[in-house]
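The block underneath contains the structure these notes are about, expressed in structure tokens.
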Amino acid sequence: MKRGILGSLGIDARLAALLGTLAVIWLVLHVLTDGIFLTPRNLWNLASQTAVVGIMACGMVLVIVTRRIDLSVGSIAGCAGMVIAVLQVEVFAPGTWWNPWVTLAIGLAVGAAIGAAQGALNAYLAIPAFVVTLAGLLIFRGIAWLITSGRTVAPMDPTFQLLGGGFQGSIGDTASWVVGALGVAALTFLRLSARARRQRFGFTPRPLWTEAVTILLMAALILGFVAVMNSYTRPRTDIVQGISIPVLVLIGVACALEWLARTRRFGRYVYAIGGNPEAARLAGVPSARIIVAVFALMGFLAALAGAVATARLNAGANSTGELAELSVIAAAVIGGTSLAGGSGTVAGAVLGALIMQSLDNGMVLLGLPSALRNVIIGVVLIVAVWADALWRRRAGGTRGAEA
Amino acid sequence: MTMLVEMRDIHKQFGGVAALDGAELWLEAGEVLGLLGHNGAGKSTLVKVLCGAYPADRGEILLDGQRVEIRNPRDARKLGIETIHQTLALADNLDAVANIFLGREIVKWGGALDQAAMDHAGQKVLARLNPNFTNHHVPVGSLSGGQRQVVAIARAIQFQARVLVMDEPTAALGPAETAMVGDLVRRLQTEGMGLIIVSHDLHDVFSLCGRLTVMRTGRPVGHVRTQDVTQDDVLGMIIAGRMPVAA
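Going line by line, the protein sequences match chains A and B.
Mapping to the numbering used here: the first sequence position 374 is 422, numbers consecutive.
Mapping to the numbering used here: the second sequence position 246 is 1283, numbers consecutive.
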């Protein structure tokens, strides 16, 4: 098999294609907006705006990989956000140090429990996930409204507000560099230890220079990102913002899910169930338990995204997360997740979310009305899936010819 | 001598239909048993009971003379019963090694998948079956039929199976690959494994199996030694459910 430059560097060609697409979109928007798009200020905002959808898209990949769908994520986000807001502002004593933490934990637990319940209805009672979560979309949006009869609850605890980002909710320049350095160190360690382990088993490793180039490229991306975040200063001051907390949460979620998907049995089983459910069953994979866990994880992440949105808005509102399921599914699909199941990556979904948010952000800068923005995002979704189908057919064709 | 496997009076209903109605078979170590019958005779259902895909409604399964419970595929695998299904039951989106170890992954301390160890062991067993097998890192969905069969066989023999069930092992294969399967069956037999081959192909069955069990409408027609019967006798058993006079 011819591997090409990307192959010999061990870089996923699809992810590289997504990165290339993103770069083109950014350059075009930069030109169209007369140089506003690629400024630290806008990129910093773009990163924060991507967080809510990105957090949920990471979980949605796993759901779709198992050949299922979760239409209820926006409603779970709204419901969990409202639960947190009501508990924080009206039930527990406001102003205590533990209030934001306890209410956040309860909100996340509610999300995970809702997800687990939906997963169980699908896995044990064989109700299609589409139906279960369509019902969930109605039920949990309704419950969010019923909790306060539609009232908006505000203001949130100041510590909790940090979760939403904003001017206070960033970690500053030193901590951002530390995060970047930790990322580079972890990346280097993981790649080199995997390499050492393969050598111990007698595999001929890739040439060391390709490993070095790969690590350098990825390190440059990480440190470049930190540098951009650190070059944005709070308006009319020279206080460096650095990485905002919602972006940090997104990074943490994406790394955790990549780890789950690539290095744990759980991830292997998720992909096996999506690839061939019957084969997974005959191989002794505990499919029902895995499905419940996937939906519980999705519910947890939806609640986390709801908490971030609530903190960002500084209020528990009924509209939180409305229609988010559509952006989340679109992000996963643009990121190369196949609705047929069995394939998709967490990193791809994050890039998909970033691509969608970039288009939206750029069109806002251009002053396009929201109706037109929806039309364009819809067209992009179709083009993305079409390109993906072409890609798969071509890849399938060459493999077929080879075999 | 105690039998390696004995299935007695197995019953299985699907809806109102009795797929198995008192089915039985037995198998010694180092023996190759052919399981024959029409479509719908219940032979696939019977081996699916043995491999845990369908638990039996009623009946006994004995391994080394001990009664065992096989409620799911995991139970069967733990007892050393491996199955190569007619559909091969491969996850097409995973590579060969991931399929071989599916459900039985090697993990490092802390539970992380030990990919290097699995690649090492997996490539070794694949090479043993087919030295030309090199597509280790492509999804098995893009492999040829013969290569997919190699992956399914590799999965079955990687874990020191005592009983190997092959459901229509050569139905989708070309002549060279069929010969490979035949060689493998004989080699595993000399290693003391017990094999059950479900097949339509009388020629294959006569060249590989020492004994035959013929089924019809979920019941055994009879059990005969291959050397005692002709292909016509066996056809009579399959079609008319009639035991040959000589046997």
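Just so it is clear, CB atoms sit at the ideal spot from N, CA and C, and this is done for glycine as well.
These numbers come from a predicted model, not from an experiment.
Alpha-carbon spacing of residue i relative to residue j, whole angstroms
i	j	result
Thr262(A)	Leu240(A)	11 Å
His1237(B)	Leu1072(B)	9 Å
Leu440(A)	Gly323(A)	Per the sequence shown, residue 440(A) should be read as Arg rather than Leu. About 15 Å.
Ala275(A)	Ile1107(B)	60 Å
Thr1171(B)	Met1203(B)	24 Å
Gly500(A)	Val79(A)	Look at the range of chain A in this structure, 49 to 451, and you will see that residue 500(A) is not part of it.
Leu1221(B)	Thr1215(B)	10 Å
Arg447(A)	Ser1179(B)	The predicted model places Arg447(A) with a pLDDT of 36, which falls under 50 and marks its position as unreliable, so this point remains unresolved.
Gly1140(B)	Met266(A)	33 Å
Val121(A)	Gly369(A)	8 Å
Asp1112(B)	Val1084(B)	14 Å
Gln1152(B)	Ile1143(B)	8 Å
Pro1206(B)	Phe237(A)	45 Å
Leu264(A)	Ala397(A)	23 Å
Asn147(A)	Ala141(A)	7 Å
Met49(A)	Ser1181(B)	For Met49(A), the pLDDT reaches just 39, beneath the cut-off of 50, and the residue's location in the model is therefore unreliable, although a value from the coordinates is still provided. Between Met49(A) and Ser1181(B), the C-alpha separation is close to 15 Å.
Met277(A)	Ala125(A)	27 Å
Gly445(A)	Ser386(A)	In this prediction, Gly445(A) has a pLDDT of 42, which is less than 50 and means its spatial position is unreliable; nothing more can be read from the coordinates.
Distance CB(residue i)-CB(residue j) smaller than 8 Å
i	j	result
Cys106(A)	Val356(A)	no
Trp32(A)	Tyr319(A)	Chain A is shown only over 49 to 451; residue 32(A) falls outside these bounds and no answer can be derived.
Gly347(A)	Gly163(A)	yes
Pro1110(B)	Ala1093(B)	no
Val113(A)	Gly390(A)	yes
Leu67(A)	Leu371(A)	no
Residue from the options whose Cα sits closest to the Cα of residue i
i	options	result
Trp193(A)	Ala351(A), Ser335(A), Met130(A) and Trp257(A)	Met130(A)
Leu1116(B)	Ala1213(B), Gln1197(B), Gly1219(B) and Leu1272(B)	Gln1197(B)
Arg1253(B)	Gly1273(B), Val1282(B) and Leu1239(B)	Gly1273(B)
Gln405(A)	Phe178(A), Thr98(A) and Pro88(A)	Thr98(A)
Asn1021(B)	Gln1184(B), Val1175(B) and Gly1159(B)	Since the first and last residues shown for chain B are 1038 and 1284, residue 1021(B) lies out of range.
Lys1049(B)	Phe1243(B), Gly1096(B), Leu1139(B) and Trp1063(B)	Gly1096(B)
Ala174(A)	Ser375(A), Gly389(A), Val340(A) and Val427(A)	Val340(A)
Leu1064(B)	Leu1087(B), Asp1265(B) and Asp1241(B)	Leu1087(B)
Ala395(A)	Pro255(A), Arg282(A), Ala380(A) and Gln136(A)	Ala380(A)
Val1134(B)	Arg1192(B), Arg1165(B) and Ile1275(B)	Arg1192(B)
Phe1138(B)	Ile1194(B), Arg1248(B), Asp1094(B) and Trp1146(B)	Ile1194(B)
Gly231(A)	Phe273(A), Leu211(A), Pro255(A) and Pro206(A)	Phe273(A)
Ala61(A)	Pro206(A), Gly383(A), Ala401(A) and Ala344(A)	Gly383(A)
Asn170(A)	Leu414(A), Ile430(A) and Arg337(A)	Arg337(A)
Asp1046(B)	Glu1061(B), Met1040(B), Gly1053(B) and His1157(B)	Glu1061(B)
Ala378(A)	Leu429(A), Ala157(A), Gly220(A) and Leu371(A)	Leu429(A)
Leu156(A)	Ala350(A), Val111(A), Ile270(A) and Ala244(A)	Ala350(A)
Gly457(A)	Ala128(A), Asp221(A), Pro206(A) and Met204(A)	The structure shown does not extend to residue 457(A), since chain A is modelled only from 49 to 451, so the question has no answer here.
Thr200(A)	Thr207(A), Ala223(A) and Ile132(A)	Ile132(A)
Residue i in three-state terms, based on DSSP
i	result
Ser5(A)	Not covered by the structure: residue 5(A). The range shown for chain A is 49 to 451.
Met1230(B)	coil
Gly445(A)	For Gly445(A), the pLDDT reaches just 42, beneath the cut-off of 50, and the residue's location in the model is therefore unreliable, although a value from the coordinates is still provided. It is helical.
Phe1051(B)	strand
Gly1259(B)	strand
Ile1118(B)	strand
Val1134(B)	helix
Thr358(A)	helix
Cutoff 8 Å: residue i Cβ touching any chain A Cβ
i	result
Pro1206(B)	no
Val1144(B)	yes
Val1110(B)	Just to set this straight, residue 1110(B) is Pro in the shown sequence, not Val. Cβ-Cβ to chain A under 8 Å: yes for Pro1110(B).
Asp1220(B)	no
Asn1130(B)	yes
Glu1043(B)	no
Gly1052(B)	no
His1122(B)	yes
His1157(B)	yes
Distance cut-off 7 Å: residue i Cβ against heavy atoms of the ligand ADP
i	result
Arg115(A)	Among the components of this structure there are no ligands whatsoever, and the ligand ADP is therefore not found.
CB contact below 8 Å: residue i versus chain B
i	result
Ala449(A)	Residue placement at Ala449(A) is poorly supported in this model, since its pLDDT is 31, which falls under 50; the coordinates are not used for a value here.
Leu256(A)	no
Phe249(A)	yes
Asn278(A)	no
Arg246(A)	yes
Ser120(A)	no
Chain D contact for residue i (CB, 8 Å cutoff)
i	result
Arg1114(B)	Absence of chain D from the displayed structure is noted, the protein chains being A and B.
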